[in-house]
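J.: In this note's numbering, the protein residues as written are 1075 to 1405. Backbone N, C-alpha and C fix where the C-beta goes; we use that ideal spot for every residue, glycine too. On a predicted model such as this, the values are computed, not experimentally measured, just so you know.
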Amino acid sequence: MTAAPHSEVTGAAGRPLRVVALGGGRGLHVTLSALRLITDDVTAVVTVADDGGSSGRLRRELGLLPPGDLRKALTALAGDDGPWPRVFEHRFGGTGALAGHAIGNLVLAGLLEVIGDPVEVLAQAAKLMGVTGRVLPMSTDPLDIEAEVTGLEEDPDTVRRIRGQVAVATTPGRVRRIRLHNTNRKTEPPAACPQAVAAVRGADVVLLGPGSWFTSVLPHLLVPELHEALVDTAAARVVVLNLVPQPGETAGFSPERHLDVLCEHAPRLRVDAVIADADSVPTPDRLRRAASVLGADMWLDSVAAPARPDRHDPVALAASLRRAITSVRAR
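(1) Helix, strand or coil: how does DSSP classify E1194 here?
(2) Under 8 Å by Cβ, that's how I've got A1352 and L1333 pegged, so tell me the actual separation to the nearest angstrom.
(3) Is the distance from the Cβ of V1209 to the Cβ of A1221 below 8 Å?
(4) Taking C-alpha atoms, which residue in L1111, V1161, G1097 and P1090 lies nearest to S1394?
(5) Just the C-alpha distance for R1403 and L1281, rounded to the nearest angstrom, thanks.
(6) If you run the structure through DSSP and keep just helix, strand and coil, what is M1203?
(7) Consult DSSP for V1249 and reduce its assignment to one of helix, strand or coil.
(8) Pull the bridge partners of M1372 from the DSSP assignment, please.
(9) Here's the rule I'm using: 16 or more other beta-carbon atoms within 10 Å means buried, otherwise exposed. How should E1323 be labelled?
(10) Which residues share a DSSP beta bridge with A1221?
(11) With R1208 as the anchor, note down where its alpha helix (DSSP H) starts and where it stops.
(12) State buried or exposed for T1076, treating a residue as buried only when at least 16 other CB atoms are found within 10 Å of its CB.
(13) Tell me the residue span of the alpha helix (DSSP H) that contains R1092.
(14) Determine the closest residue to A1308 out of D1143, D1215, L1172 and L1343, with distance taken between C-alpha atoms.
(15) Can you list, in chain order, the residues of its chain with a C-beta nearer than 6 Å to that of L1054? Leave out the 5 residues immediately preceding and following it.
(16) Please list the segments of the alpha helix (DSSP H) lying wholly inside the stretch 1276-1359, counting only runs of 4 or more residues, in order along the chain.
(17) Which of the three DSSP states, helix, strand or coil, is assigned to T1076?
(18) By alpha-carbon positions, which one of P1264, G1369 and V1335 ends up nearest to S1286?
(19) Near G1126, what residues of its chain come up, given a Cβ to Cβ distance below 6 Å and the 5 sequence neighbours on each side ignored?
(20) If you count every other CB in all the chains shown that lies within 10 Å of the CB of L1292, and 16 or more means buried, which is it?
(21) Could you tell me the boundaries of the beta strand (DSSP E) in which R1160 lies?
(22) For S1107, tell me which candidate among A1123, V1119 and G1153 has the shortest Cα-Cα distance.
(23) Are there three or more Cβ pairs, one per stretch, closer than 8 Å when the stretch 1229-1236 is compared with the stretch 1164-1174?
(24) How about V1255 and D1218: do their beta carbons lie closer than 8 Å?
(25) Considering Cα atoms alone, identify which of V1274, T1149 and T1113 is closest to G1204.
(26) Relative to the C-alpha of M1212, which candidate in L1151, L1091, A1123 and T1244 has its C-alpha closest?
(27) In three-state DSSP terms, what is H1103?
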């Protein structure tokens, strides 16, 4: 993808639109790829609870923030120009100690050990990669996700608690509610990254989703300072729904159920627009009603990739976001 063109959607005094996107993993990557086509002023606020794969190994061995989702956000904002995005995403093969590690994860882990401050680490990595925009962690402390899950016992209503992002994302049960815990200071609530809070409060537009609903999207609402910023911000708030339910955490979820769960975890949050793929919504009236509970208008557009109906097309998503944002800001 080439550099983002200037968009007809602007912020105050004609400056570039200031957008903050919250999430993690592949969902945040596609959102950031779309936003690069709209504005140069993009801030990614990234979950830091991953405990699987390369990130989980580095987190357990070094006690650092899991770097994987941060790496993906950096490469999304860097685009396809230059070698560094490809280098950061390259994974070592073989069976040795480096097998499965992404180079970008190791670079970020090294920077974290040398520099210490995650915000400065990400700023330096962004400079190295020629990133347009900014990447921030949701918290500067690694966090753990805990979920209340039913359907794992003979009695389908028995609630069990499971802990860890991978366990929650792959549970064969039904996730009812999640909580966040500070890994290193278990008695304290998760602390938000101050720069992330400031970014949300100063944004023109804030985006939630798409992505793993319980492990990438909702966790932002469970960090108290970040939650309050999302509730209080004057920014237009936009939710982008997933194209298909995810095996495990949202198996069997309808599009409107995603919004119901969002409302259950953050009943004071108001939303201005909900974007969904037209072919992924079997009952638009139900989704429209669920959106209206949050105060939002519903936007049904064709945003799936032609050859991958389970993945968003960044160009189509950018067009849908541009229309929805323009409409909300014109109210």
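T.: Inspection of the coordinates gives the following:
(1) As a working note, residue 1194 is residue 120 in the sequence shown. It is helical.
(2) Within the sequence shown, residue 1352 is the residue found at index 278, counting from 1. Within the sequence shown, residue 1333 is the residue found at index 259, counting from 1. In fact, because the Cβ distance is near 17 Å, the residues do not count as touching under 8 Å.
(3) By 1-based counting over the sequence shown, the position of residue 1209 is 135. By 1-based counting over the sequence shown, the position of residue 1221 is 147. No, Cβ-Cβ distance for V1209 and A1221 is not below 8 Å.
(4) Here residue 1394 refers to the residue found at position 320 when the sequence shown is read from its first residue. Measuring from the Cα of S1394, the nearest candidate turns out to be L1111.
(5) To locate residue 1403, count along the sequence shown from 1; it is residue 329. To locate residue 1281, count along the sequence shown from 1; it is residue 207. Taking the straight line joining both Cα atoms gives about 14 Å.
(6) Numbered from 1 along the sequence shown, position 129 holds the residue referred to as residue 1203. Reduced to three states, the DSSP call for M1203 is helix.
(7) One-based indexing of the sequence shown puts residue 1249 at position 175. V1249: strand per DSSP, three-state reduction.
(8) Locating residue 1372 in the sequence shown gives position 298, where the first residue counts as 1. BP columns for M1372 point to V1348.
(9) As a position in the sequence shown, residue 1323 is number 249, starting the count at 1. Result: buried.
(10) Against the sequence shown, residue 1221 aligns to sequence position 147. Answer is I1236 and I1252.
(11) One-based indexing of the sequence shown puts residue 1208 at position 134. R1208 -> not in any alpha helix (DSSP H); beta strand (DSSP E) instead, spanning R1208 to P1211.
(12) As a working mapping, residue 1076 is identified with position 2 in the sequence shown. Annotation note: pLDDT 42 at T1076 (below 50); position unreliable, no value reported.
(13) Translated into positions along the sequence shown, residue 1092 becomes position 18. Careful: R1092 lies outside any alpha helix (DSSP H), inside the beta strand (DSSP E) at R1092 to G1097.
(14) Position 234 of the sequence shown, counted from the first residue, corresponds to residue 1308. It is L1343.
(15) For the chain, the structure presents residues 1075 to 1405; residue 1054 sits outside this window and is missing.
(16) 1298-1306 and 1329-1339
(17) Taking the first residue of the sequence shown as position 1, residue 1076 is located at position 2. Bear in mind that a pLDDT of 42 at T1076, under 50, signals an unreliable position, so the number given afterwards is only what the model happens to contain. It is coil, neither helix nor strand.
(18) Locating residue 1286 in the sequence shown gives position 212, counting from the first residue. The option with the nearest alpha carbon to S1286 is V1335.
(19) Reading the sequence shown from its first residue, position 52 is the one you call residue 1126. Here the set comprises V1240.
(20) For this step, residue 1292 is matched to residue 218 along the sequence shown. The residue is buried, with at least 16 neighbouring Cβ atoms inside 10 Å.
(21) Reading the sequence shown from its first residue, position 86 is the one you call residue 1160. Run containing R1160: none in the beta strand (DSSP E); it sits in the alpha helix (DSSP H), W1158 to E1163.
(22) Along the sequence shown, read from residue 1 onward, the residue named residue 1107 stands at position 33. Per the Cα distances, G1153.
(23) no
(24) In the sequence shown, residue 1255 corresponds to position 181, counting from 1. In the sequence shown, residue 1218 corresponds to position 144, counting from 1. Before going further, note that residue 1255 is His rather than Val in the sequence given. Yes, these two residues count as a Cβ contact at 8 Å.
(25) What you label residue 1204 is simply residue 130 of the sequence shown in a count that begins at 1. Considering only alpha carbons, the answer is T1149.
(26) Taking the first residue of the sequence shown as 1, we reach residue 1212 at position 138. Considering only alpha carbons, the answer is A1123.
(27) Position 29 of the sequence shown holds residue 1103. Residue state, collapsed to three classes: helix.
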